[in-house]
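Chemist: Mapping of the sequence shown onto our numbering: residues 11 to 202, in sequence order. All C-beta atoms, glycine included, are put in the ideal place defined by N, C-alpha and C.
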Amino acid sequence: MVKSVYTIGFLLFIATMILFFGMYFFGMNTDYFNNSLLINAFLMPAVYLAGAYYSVYELKKTGALMGFRDVFGRAFKPMFFGGLLSVLAMFAFLNFVDKDAKDLLNYQYIERQKTELKNEYVKAKTGLNNDDISRQLDQKYNERLQSFSPEMLKDKDMFSFRQFTYYFAAILIFYVILSTFFATFFRNKPQV
11 MVKSVYTIGF
21 LLFIATMILF
31 FGMYFFGMNT
41 DYFNNSLLIN
51 AFLMPAVYLA
61 GAYYSVYELK
71 KTGALMGFRD
81 VFGRAFKPMF
91 FGGLLSVLAM
101 FAFLNFVDKD
111 AKDLLNYQYI
121 ERQKTELKNE
131 YVKAKTGLNN
141 DDISRQLDQK
151 YNERLQSFSP
161 EMLKDKDMFS
171 FRQFTYYFAA
181 ILIFYVILST
191 FFATFFRNKP
201 QV
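And the structure:
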């Protein structure tokens, strides 16, 4: 029996939520934001890759002829469905259920940006002998530090609906690339 792409998508949603809440319950600490980034960068693509492969494999084992479009849709639809449900669920959770977790993530994001700015400044300053360039670097660094003032950060929200829309658009690019890969390699070749 060929599983529906929506069933597989729902399973991807469940897997994503298990990872999300696992990180929420067991990983909320001073590295919550960094650990979330690592999971999203390395573990989630592997989960969605496995889901797309399983979806294509389920149809392929029936022996059905599958062209590029068939395989692409079979790989893309479950990832889209599972990803959309996941992004909406995370948005709702962080914005309506636990705003403290959202505040912690926003704070850690800003602190990470400050640390990266300081590291770049120190790296650029090391071994610099020219006083004019050094003054310009100091000036640019101080100007950039102003963007982290409380007035500038007052309305900064990395987990607004707008930001989640941007995140999902970036995720869709991954889904399209992965689906194209699957469609290229798993389509049935015409018989000569």
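Could you check what DSSP says for Arg197 in three-state terms: helix, strand or coil?
Modeler: Residue 197 sits at position 187 when you count from the first residue of the sequence shown. Coil, per DSSP.
Chemist: Looking at the secondary structure, which residues open and close the alpha helix (DSSP H) in which Thr72 lies?
Modeler: Taking the first residue of the sequence shown as position 1, residue 72 is located at position 62. No alpha helix (DSSP H) holds Thr72; DSSP gives it neither H nor E.
Chemist: Between which residues of its own chain and Gln201 is the CB-CB distance below 7 Å, once the five residues before and five after are set aside?
Modeler: Within the sequence shown, the letter at position 191 stands for residue 201. Interpretation of Gln201 is limited by its pLDDT of 45, a score under 50 that renders its predicted location unreliable; no figure is taken from the coordinates.
Chemist: How many whole angstroms separate the CB atoms of Ile120 and Phe158, which I take to be in contact at a CB cut-off of 8 Å?
Modeler: Against the sequence shown, residue 120 aligns to sequence position 110. Against the sequence shown, residue 158 aligns to sequence position 148. Sure, about 7 Å apart at Cβ, within 8 Å.
Chemist: Just verifying my parser: in three-state terms, what is the DSSP assignment at Leu47?
Modeler: What you label residue 47 is simply residue 37 of the sequence shown in a count that begins at 1. In the structure shown, Leu47 sits in a helix (DSSP, three-state: H, G or I).
Chemist: Can the beta-carbon of Ile18 be found closer than 8 Å to that of Tyr58?
Modeler: Position 8 of the sequence shown, counting from 1, holds the residue named residue 18. Position 48 of the sequence shown, counting from 1, holds the residue named residue 58. No. Outside cutoff.
Chemist: With Asn129 as the anchor, note down where its alpha helix (DSSP H) starts and where it stops.
Modeler: Along the sequence shown, read from residue 1 onward, the residue named residue 129 stands at position 119. Per DSSP, Asn129 belongs to the alpha helix (DSSP H) from 109-135.
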